[in-house]
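Numbering (the numbering used here), first residue to last: 3 to 197.
Dropping the structure here:
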């Protein structure tokens with residue numbers, strides 16, 4: 003018989019168990035390294051996700067500011083202080099029952115057309131932007147130049163009359179006959195021939 007007792011483990015089995023234990027410890031060490039690496043990657047992913055969220059919020063804010071700027075400049079408001087005041091008043095408007103605020107373009111158009119309904123601080127600025135009432139036409143005076151738009155008061159918004167309006171055409175000369183059509187030559191023949 004051998005030296006082994008009933009409680010003893012055969013050497014081959016012992017060795018096999020020790021090898022499995024060493025392999026398991028190596029795998030554990032390997033997995034711990036992977037877990038650390040995964041933790042680092044997870045932290046980096048969380049940081050990138052936070053950066054992405056911040057970038058999306060910044061992009062949305064920029065898009066909102068651009069849309070507001072586009073709406074205000076489209077309504078004829080270009081001064082930055084007036085635009086900021088209008089935006090501040092717009093931001094103070096409480097949402098309605100449906101949770102929505104009126105459109106900025108429609109609101110500014112309404113305020114411009116009826117400045118008395120606009121917020122108090124904006125009224126003087128919006129009254130300056132409101133379209134002027136059409137001026138009554140100026141009745142022509144007895145002077146001949148006033149009726150034609152010369153020398154008299156010009157109606158605001160009326161087109162400027164031509165500077166050569168009412169000027170006398172010079173008489174055609176003999177040298178100009180080469181540029182005339184036959185109908186023009188016949189009409190001016192007497193003047194061209196000196197008679």
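Quick reminder that beta carbons are idealized off the backbone N, C-alpha and C, glycines included.
Rounded C-alpha distance that separates residue i from residue j
i, j, result
"residue 9", "residue 27", "26 Å"
"residue 61", "residue 67", "10 Å"
"residue 64", "residue 118", "32 Å"
"residue 52", "residue 43", "14 Å"
"residue 184", "residue 78", "56 Å"
"residue 11", "residue 19", "10 Å"
"residue 186", "residue 164", "25 Å"
"residue 192", "residue 166", "26 Å"
Same chain only: Cβ atoms within 7 Å of residue i, ignoring 5 sequence neighbours per side
i, result
"residue 124", "87, 88, 91 and 113"
"residue 30", "none"
Contact check, residue i vs residue j, beta carbons under 7 Å
i, j, result
"residue 107", "residue 73", "yes"
"residue 120", "residue 128", "yes"
Distance cut-off 6 Å: residue i Cβ against heavy atoms of the ligand NAP
i, result
"residue 109", "With respect to the ligand NAP, the structure shown offers nothing to examine, as it has no ligands at all."
Contact set for residue i: own chain, Cβ-Cβ below 8 Å, skip 5 residues either direction
i, result
"residue 111", "77"
Checklist entry - Curious, which full-length alpha helix (DSSP H) runs of at least 4 residues does the region 21–99 contain? => result 82–94
Checklist entry - Which runs of the beta strand (DSSP E), 3 residues or longer, sit entirely within the region 169–193? => result none
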